[in-house]
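Each remark here refers to the structure printed beneath this line.
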Amino acid sequence: MSPLLDAFSPLRYDTFVSRPLSRNQLIFLIAVDLLVLLVVTWLGFATHDRSLADGRWLTTFIPLVFSWFLAAPGLGLYRAGTADRVQDFWRPGLAAILAAPLAVLLRALWLQQTVIPIFGLVMIATTAAGMLLWRIAWAAWTTRKMLGDGRS
13 MSPLLDAFSP LRYDTFVSRP LSRNQLIFLI AVDLLVLLVV TWLGFATHDR SLADGRWLTT
73 FIPLVFSWFL AAPGLGLYRA GTADRVQDFW RPGLAAILAA PLAVLLRALW LQQTVIPIFG
133 LVMIATTAAG MLLWRIAWAA WTTRKMLGDG RS
């Protein structure tokens, strides 16, 4: 069976659960998650021709980071056996669905503005898309690496 198809096999779950996430892997996951959230924020500002120099982007980025790190750990996104499995591709999307509305609310409170529902929907969609792409790539890479190391 090819490594990619093997990654989708539920029979491999025991090998993923028994392998702990290393400290370096955890740091890498968190760092790239932060990078993805930063890119999502900057893309949002770029689509509205807003300057990044004034720091206004932080009013979106900080609440999004806070909300992401409330939602993601509870969904297992920093746990071996979940973060490494391509089959769990839905978890980053769910984390975005949970995190973005809170981020929009926190941003509105910070700026003393009303909550803009369409902004929340766009934030959910862009955050979910960015995280799904990144986390699927991570899971596929770690699965391929593990199978290549002969630890299956």
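In case it helps, my numbering puts the sequence shown at residues 13 to 164.
Glycine included, C-beta positions come from ideal geometry on N, C-alpha and C.
The stretch 92–100 contacting the stretch 53–62, beta-carbon criterion three pairs below 8 Å: Output reads no: the stretch 53–62 does not touch the stretch 92–100.
Simplified DSSP assignment, three categories, for residue 147: In the structure shown, residue 147 sits in a helix (DSSP, three-state: H, G or I).
Three-state secondary structure assigned by DSSP to residue 53: Residue 53 sits in a helix when the DSSP states are folded into three classes.
Three-state secondary structure (DSSP) of residue 48: Helix at residue 48.
Three or more C-beta pairs below 8 Å linking the stretch 73–84 and the stretch 94–110: With a cut-off of 8 Å, the stretch 94–110 and the stretch 73–84 count as touching, because enough Cβ pairs lie within range.
Under the three-state DSSP convention, the category residue 124 falls into: Coil at residue 124, not helix or strand.
For residue 67, the three-state DSSP class (helix, strand or coil): Under the three-state reduction of DSSP, residue 67 is assigned to coil, being neither helix nor strand.
Secondary structure of residue 152, DSSP reduced to three states: Residue 152 carries a helical assignment under DSSP once its states are collapsed to helix, strand and coil.
Residue 114 versus residue 137 - alpha carbon distance: Distance between the alpha carbons of residue 114 and residue 137 is about 14 Å.
Contact the stretch 96–103 vs the stretch 124–140: 3+ CB pairs below 8 Å: Fewer than three beta-carbon pairs drawn from the stretch 96–103 and the stretch 124–140 are found closer than 8 Å, and the two stretches are therefore not classed as touching.
Environment of residue 78 [buried if 16+ CB atoms lie within 10 Å]: Exposed, because fewer than 16 other Cβ atoms sit within 10 Å of the Cβ of residue 78.
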